[in-house]
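Peer 1: In terms of our numbering, the sequence shown is residues 7 to 134. The beta-carbon is built from N, C-alpha and C at its ideal position, and this holds for glycine as well.
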Amino acid sequence: MNPGSTIQEDARRGALAYQRKTHFVKLVPQLRRIREETNRNQAVAVVQIGLFQDRMRALFDELGVWADRRHQYQAYAAALDKSQRVLRYMVDWIREHRILRDRFERRGLRADFLDAIDTQVIYRTKDV
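1) Relative to the C-alpha of L86, which candidate in W72, R39, I123 and V31 has its C-alpha closest?
2) Just the C-alpha distance for F66 and G114, rounded to the nearest angstrom, thanks.
3) Do the CB positions of Q126 and A83 come within less than 9 angstroms of each other?
4) Starting from T125, follow the alpha helix (DSSP H) in both directions and report where the run begins and ends.
5) May I ask you to report which of helix, strand or coil DSSP gives V71?
6) Consult DSSP for L93 and reduce its assignment to one of helix, strand or coil.
7) With the cut-off set at 9 angstroms, would you say V71 and F110 are in Cβ contact?
8) Would you identify the three-state DSSP class for G56, choosing helix, strand or coil?
9) May I have the straight-line CA-CA distance separating R94 from E15, to the nearest angstrom?
10) Only counting the same chain, and skipping five residues up and downstream in sequence, which positions put a Cβ closer than 7 angstroms to that of V50?
11) So, is the C-beta of Q90 closer than 9 angstroms to a C-beta in chain C?
12) Pull up the distance between the alpha-carbon of Y24 and that of R41, whole angstroms please.
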């Protein structure tokens, strides 16, 4: 018992300390239940990234993008795709698209290639 505290306060502190010590025991079954779902979600995410990169590679082949510039176009496509998935409102999409477009055009990337990437990523179609 701490000096100046009541029995109820000590009992409450003791109960909280016990809950903190045994909390991991309650978590183990929950973690085991969600393990398979987490692994499945991770596998789906990896496959989606691979499919996106394959789609972009095919688009770059059609456009005739040089190999030494592909990583920059791929970075633009990945950033644009992430902004389309993460941002919630169309105003944010438009603003982020303009910011990305301006940044990558200043790097010397061709506007027609960026237009084709925009069409593929935003509208999920090809106009090549």
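Peer 2: Based on what the coordinates show:
1) I123
2) 16 angstroms
3) yes
4) A117 to Y129
5) Secondary structure at V71: coil, using DSSP grouped into helix, strand and coil.
6) coil
7) Contact flag unset, no.
8) Three-state DSSP puts G56 in a helix.
9) 47 angstroms
10) none
11) Absent from the structure: chain C. Only one protein chain is present.
12) Their backbone Cα atoms lie some 27 angstroms apart in a straight line.
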